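These notes concern the structure reproduced below.
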Amino acid sequence: MLALGSLVIGTDEVEDESDDGQAAPENGGDEPPMHEGGGSLLDNLEMMDPPEVIETGSDGDDVLSGSPGPDAIDALAGHDLVEGGAGDDTLGGGEGDDTLDGQEGADALAGDAGDDLLYGGNGNDELLGGDGADILYGGAGDDALHGRDGDDLLRGDAGADLLYGGAGNDTLDGDDDATDHLVGGTGDDDILMGVGDVALGGAGADLFTLAATADAAQILDFDADEDSLVILYEPTSDGAEPEVELRTNPDDPTLTDILLDGEPVLTLPTEAAPHAADIVLLAETGGPTAAT
Numbered sequence: 001m002l003a004l005g006s007l008v009i010g011t012d013e014v015e016d017e018s019d020d021g022q023a024a025p026e027n028g029g030d031e032p033p034m035h036e037g038g039g040s041l042l043d044n045l046e047m048m049d050p051p052e053v054i055e056t057g058s059d060g061d062d063v064l065s066g067s068p069g070p071d072a073i074d075a076l077a078g079h080d081l082v083e084g085g086a087g088d089d090t091l092g093g094g095e096g097d098d099t100l101d102g103q104e105g106a107d108a109l110a111g112d113a114g115d116d117l118l119y120g121g122n123g124n125d126e127l128l129g130g131d132g133a134d135i136l137y138g139g140a141g142d143d144a145l146h147g148r149d150g151d152d153l154l155r156g157d158a159g160a161d162l163l164y165g166g167a168g169n170d171t172l173d174g175d176d177d178a179t180d181h182l183v184g185g186t187g188d189d190d191i192l193m194g195v196g197d198v199a200l201g202g203a204g205a206d207l208f209t210l211a212a213t214a215d216a217a218q219i220l221d222f223d224a225d226e227d228s229l230v231i232l233y234e235p236t237s238d239g240a241e242p243e244v245e246l247r248t249n250p251d252d253p254t255l256t257d258i259l260l261d262g263e264p265v266l267t268l269p270t271e272a273a274p275h276a277a278d279i280v281l282l283a284e285t286g287g288p289t290a291a292t
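Right, dumping it as structure tokens:
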């Protein structure tokens, strides 16, 4: 486990089984496996290997680089650039608009206050944006991204990722190469779903955009009164739109499946399922049309 300032990062699995047997984000979707703790940035730091570099920046604009091994770097205040290098690194930006790049290894990055840019790089990384409008890129690997306060952009990239927007109007994109868990949190969020993804919008009027794939995705808390659903599809040579059908899930009557041309692409709660006419179809090379 890593303790990184107000962030405590554990090794819990990012998915669990909900009461209905569906895969769900850890803790029912309220929080990912990150939670608040105490202490300053480098207090209670625990790593599998002792860090080769423990470096502290200044209150100015710093450029800090790690070693080929595991590093712990606290940039403090200012608009800082911090690169971890190879190894399992722990990087803290402090106050200011910071850029943190974990690069190789399983890294833990915390932006703190300010509009921060965080790159996980290769490896199973954990990223915390903090206060401000942050941009978080997980990179290759199974990553956990937490935007916290502010209107954040989170992109998991390659791997099976956990994205949690937190407070604010966030954009979450798990990419479409593996099963991701996407939790919008409080605010009007844009949630982009791909292969087998599981999404929980949370409070607010959320927009779910689904890239229809062979592996059906899941929305755990769709609210037909305020949420919106867009389904992307690949256009055919004749320009025909796919046929949309809603049917009760054969294994669980509390769930509804949405099918395109007979193939299930999405499962969501029956009690809040949208009408077919409220689903927007969008050809990936064309404009939106309402399903009929």
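Here the sequence shown is numbered in the UniProt record's numbering, starting from 1 and rising by one per residue.
Backbone N, C-alpha and C define an ideal beta-carbon position, used for all residues, glycine too.
Only a predicted model underlies this, so the values are computations on that prediction, with no experimental measurement involved.
Close Cβ partners of residue i (< 8 Å) along its chain, the five nearest in sequence each way excluded
i, result
"Asp189", "Gly165, Asn169, Asp170, Thr171, Leu172, Gly201, Gly202, Gly204, Asp206, Leu207"
"residue 300", "Absent from the structure is residue 300, since the part of the chain shown begins at 1 and ends at 292."
"Pro264", "Ala216, Asp257, Ile258"
"Thr267", "Gln22, Ala216, Ala217, Gln218, Ile219, Asn249, Leu255, Thr256, Asp257, Ile258"
Whether residue i touches residue j by CB criterion (8 Å)
i, j, result
"Thr248", "Pro269", "no"
"Ile231", "Leu281", "yes"
"Gly87", "Gly105", "yes"
"Asp115", "Gly132", "yes"
"Gly66", "His79", "no"
"Leu76", "Thr99", "no"
"Ala167", "Thr186", "yes"
"Gly130", "Arg155", "no"
"Ala113", "Glu126", "no"
"Asp261", "Glu243", "yes"
Cβ-based neighbour list, residue i, same chain, cut-off 6 Å, excluding 5 preceding and 5 following
i, result
"Asp101", "Glu83, Tyr119"
"Asp49", "Summary for Asp49: the model assigns pLDDT 49, below 50, so the residue's position carries little reliability; its value from the coordinates is reported in the next sentence. These residues qualify, in order along the chain: Pro70."
"Leu229", "Phe208, Pro274, Ile279"
"Leu153", "Ile135, Thr171"
Residues of its chain near residue i, where Cβ-Cβ distance is below 7 Å and the 5 sequence neighbours each way are ignored
i, result
"Ala178", "Gly159, Ala160, Val195"
"Asn122", "Glu104, Gly139, Ala140, Gly141"
"Asp157", "Tyr137, Gly138, Gly139, Ala140, Asp175"
"Ala272", "Phe222, Asp223, Ala224"
"Pro68", "Gly85, Ala86, Gly87"
"Leu117", "Thr99, Ile135"
"Gly60", "Gly78"
In DSSP terms, what residue i is bridged to
i, result
"Leu154", "Leu136, Leu172"
"residue 296", "The structure shown does not extend to residue 296, since the chain is modelled only from 1 to 292, so the question has no answer here."
"Thr213", "DSSP lists no partner for Thr213."
"Thr179", "DSSP, once it has assigned bridges, lists no residue as partnering Thr179."
"Val198", "His181, Gln218"
"Thr56", "Asp74"
"Ala283", "Tyr233"
"residue 311", "The requested residue 311 does not occur in the structure, where the chain is confined to residues 1 to 292."
Worksheet item: Whole alpha helix (DSSP H) runs in the stretch 58-113 with 4 or more residues, listed along the chain?
Response: Counting whole runs of 4 or more residues, the stretch 58-113 contains no alpha helix (DSSP H) stretch at all.
Worksheet item: What are the complete alpha helix (DSSP H) segments, minimum 4 residues, inside the stretch 219-274?
Response: Along the length of the stretch 219-274, whole alpha helix (DSSP H) runs at least 4 residues long do not occur.
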